[in-house]
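In this note's numbering, the protein residues as written are 343 to 536.
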């Protein structure tokens, strides 16, 4: 079997598992509805992740502030991908605090924080989720594997938290499903609002 066909087969298996997981699909639908409701009330969404998940955070934000499929008013979304903030904070306070301080600076009660992590064990993601909870944000975690420490942190938020864990043996498969859900959520948000 060629590498490419094996990768496509693995992606198909992961997608099939996600499609069969009605609870996870329902959680993503509910999160999209909540984000639309918060947008209508004048709140914003903030998104953070490391590496490829940082790119996914940026992509999700630009789909909201720019456009997805059709022209509509821009929606307030911020991705923590600014290299100046990340390097300043990492240099002065340590890399664990790059997202936490961003959330503390810009997060408001009623806003939504989405954290992306394939393992759920990145300490900067856990600290961001904790900061969001303490501010009164709704904290949503898109995770892989068993959800790690981020799952535990967000679960402690009760109704003020959403946990979405997708299948996938490797980070790339998890990130592919995260991006699929993020795209689906943008579509659902637009359908709800416009």
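No residue lacks a Cβ here, since even glycine has one placed at the ideal position from N, Cα and C.
Since the model is a prediction, treat every value here as computed from it, not as a measurement.
- In this chain, the beta strand (DSSP E) harbouring residue 503 covers 503-507.
- Of the residues 497, 493 and 524, the one whose Cα lies closest to the Cα of residue 463 is 493.
- If you draw a straight line from the Cα of residue 387 to the Cα of residue 508, it comes to about 21 Å.
- Comparing alpha carbon positions, the residue from 374, 434, 478 and 526 closest to residue 445 is 478.
- Leaving aside the five residues that flank residue 360 on each side, the residues in its chain whose CB is nearer than 7 Å to its CB run, in chain order, 366, 508, 509 and 519.
- Taking a cut-off of 8 Å for Cβ pairs, the region 369-389 and the region 411-423 touch, as three or more such pairs fall below it.
- Put simply, the backbone Cα of residue 502 is about 15 Å away from that of residue 470.
- Ranked by Cα distance from residue 456, the options 529, 392 and 535 are led by 392.
- Measuring C-alpha to C-alpha distances from residue 439 to each of 487, 473 and 369 identifies 473 as the nearest.
- For residue 455, the uninterrupted beta strand (DSSP E) run begins and ends at 454-459, by DSSP.
- In this structure, DSSP gives residue 480 an extended state, which the three-state scheme calls strand.
- Annotation for residue 521: 398 place their beta carbon closer than 6 Å to its own, counting only its chain and skipping 5 residues before and after.
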